[in-house]
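Undergrad: Numbering (the working numbering), first residue to last: 41 to 334. We put the CB at the ideal spot given by N, CA and C, even for glycine. Small disclaimer: the values here were computed from a predicted structure and weren't measured. Have a look at this one.
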């Protein structure tokens, strides 16, 4: 056996525990959900496998179509905003300056804070009886705290997006900053030495190095926003809301025979998000080829 073959075996053996755990925790439940969505749910006395009637029911539902539209809305807007703001902050702080380390520390801090803490912070600040409303009332900017604009529990989803941005702007900042601190960090200085203006060096040297990091971070952010239910459930309107919240609502109904329908919701969420991310990556690869980078 060659040394290369031994290294491959060692790598596979080292990855095996993590792969097995991920398979057991993700692939296994997903297969169970798929089987139940197709009518194999003996625990609920449903044995009509294979059946697509649960998928037909949700696809024919106007409630599902509205929820899907809002899911894209709540997922896409924070992804775009966090990508632009986080990447811009990383670019602005890429050079050491007075106070940059302290700013970088505060920008990174929310990454280690749970989303539920962010949701609590949004409620504390932006609720009609929150700190901002009370401060405005104290300075006579509004007649009562009830006059403060409704940000939480509305179909606009502003509270949801604020909770997302609380963590996702710092997350993007960390990913892009790491890319800027790589081995090629001196290329910008080389370009400046060769006569490039600061703007030209930024456009042609610095920003292209951040593109893979921006693509990766935006993919992770979008996938989380599209499939999570906690923040929309806590801060969103009763209706319309996201597809994951609709799945939870159906799952919690008294009629347990509708739970395969909730599983169908989960499978649709997984398929749609997977297709969107695949198309996004494919578009990025095509753009890279057009630039001659792949």
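For the alpha helix (DSSP H) containing residue 88, list its first residue and its last residue.
TA: Annotation for residue 88: no alpha helix (DSSP H) segment contains it, and DSSP assigns it neither H nor E.
Undergrad: Examine the Cβ distances between the region 250-270 and the region 207-219 and report whether three or more of them are shorter than 8 Å.
TA: yes
Undergrad: Would you call the CB atoms of residue 148 and residue 209 closer than 8 Å?
TA: The Cβ atoms of residue 148 and residue 209 lie no closer than 8 Å to each other.
Undergrad: Check whether the Cβ atoms of residue 287 and residue 193 sit closer than 8 Å, and answer yes or no.
TA: no
Undergrad: What is the DSSP secondary structure of residue 45, reduced to helix, strand or coil?
TA: helix
Undergrad: Using a Cβ-Cβ cut-off of 8 Å (strictly less than) and excluding sequence neighbours within five positions of residue 92, which residues of its own chain qualify?
TA: 78
Undergrad: Please report the Cβ distance between residue 301 and residue 97, rounded to the nearest whole angstrom; I am assuming they are in contact, meaning their Cβ atoms lie under 8 Å.
TA: Contact between residue 301 and residue 97 holds: CB atoms are separated by about 6 Å, below the 8 Å threshold.
Undergrad: DSSP puts residue 81 in a beta bridge; with which residues?
TA: 86
Undergrad: Give the secondary structure of residue 281 by DSSP, where H, G and I count as helix, E and B as strand, and everything else as coil.
TA: In this structure, residue 281 counts as coil in the three-state DSSP scheme.
Undergrad: Roughly how many angstroms lie between the CA atoms of residue 169 and residue 158, to the nearest whole one?
TA: Distance between the alpha carbons of residue 169 and residue 158 is about 17 Å.
Undergrad: Which residue wins for smallest C-alpha separation from residue 265, given the options 284, 256, 248?
TA: 284
Undergrad: Could you round the C-beta distance between residue 107 and residue 280 to whole angstroms and report it? I think they count as a contact, below 8 Å.
TA: 6 Å
Undergrad: Could you tell me if residue 119 is buried or exposed, where buried requires 16 or more neighbouring beta carbons within 10 angstroms of its beta carbon?
TA: Answer is buried; the Cβ neighbour count reaches 16.
Undergrad: Suppose you measure from the CA of residue 317 to the CA of residue 205; what does that come to, to the nearest Å?
TA: 20 Å
Undergrad: Please list the segments of the alpha helix (DSSP H) lying wholly inside the region 170-219, counting only runs of 4 or more residues, in order along the chain.
TA: Within the region 170-219, the complete alpha helix (DSSP H) runs of at least 4 residues fall at 171-178.
Undergrad: Here's the rule: buried if 16 or more other CB atoms are within 10 angstroms of the residue's CB, otherwise exposed. What is residue 84?
TA: Answer is exposed; the Cβ neighbour count stays below 16.
Undergrad: Taking only three categories from DSSP, how would you classify residue 268?
TA: coil
Undergrad: Count the other CB atoms, across all protein chains shown, that sit within 10 Å of the CB of residue 257; report buried if there are 16 or more and exposed otherwise.
TA: Of the residues assessed, residue 257 falls on the buried side of the cut-off, its CB having 16 or more other CB atoms within 10 angstroms.
Undergrad: If we call anything under 8 Å between Cβ atoms a contact, is residue 268 one with residue 110?
TA: no
Undergrad: To the nearest angstrom, how far is it from the Cα of residue 201 to the Cα of residue 163?
TA: 12 Å
Undergrad: Please look up how many angstroms separate the CB atoms of residue 212 and residue 261, rounded, as I've assumed it's under 8 Å.
TA: 7 Å
Undergrad: List the endpoints of the continuous alpha helix (DSSP H) containing residue 276.
TA: Neither: residue 276 is in no alpha helix (DSSP H) and is coded neither H nor E.
Undergrad: Which residue comes first and which comes last in the alpha helix (DSSP H) that contains residue 154?
TA: Careful: residue 154 lies outside any alpha helix (DSSP H) and carries neither H nor E.
Undergrad: Rounded to a whole number of angstroms, what is the C-alpha to C-alpha distance between residue 56 and residue 68?
TA: If I take the Cα positions, the gap works out to 16 Å.
Undergrad: How many Å lie between residue 132 and residue 242 at the Cα?
TA: 11 Å
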